[in-house]
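Numbering (our numbering), first residue to last: 8 to 91.
Structure first, then comments.
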């Protein structure tokens with residue numbers, strides 16, 4: 008099947024022509040895909056955090072929420088030099 012190249016505006020114009028039910032179906036499908044992509048990103052991020060913890064001798068899964076926040080803060084500020 009050939010691929011049709013459309014601009015964002017053309018896609019929106021086509022969606023506006025759909026019945027309410029078909030708009031709802033399209034919206035639900037897009038929401039499902041967005042949710043799946045979000046879950047995949049979260050799983051990837053968690054795997055990276057677990058790896059970074061392990062490299063530093065820590066276990067993400069046994070850390071408290073405060074320990075996780077401190078760890079994340081350390082990661083964010085890692086490599087920054089304090090001005091002063």
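By construction, the Cβ of each residue, glycine as well, lies at the ideal position given by its N, Cα and C atoms.
Small disclaimer: the values here were computed from a predicted structure and weren't measured.
Hey, would you say residue i sits closer than 7 Å to residue j, going by beta carbons?
i, j, result
"residue 56", "residue 67", "yes"
For the alpha helix (DSSP H) containing residue i, list its first residue and its last residue.
i, result
"residue 34", "27 to 62"
"residue 79", "72 to 84"
"residue 21", "15 to 23"
Please work out which residues of its chain come closer than 8 Å, Cβ to Cβ, to residue i, disregarding the five sequence neighbours upstream and downstream, and give them in chain order.
i, result
"residue 69", "none"
"residue 33", "22, 25"
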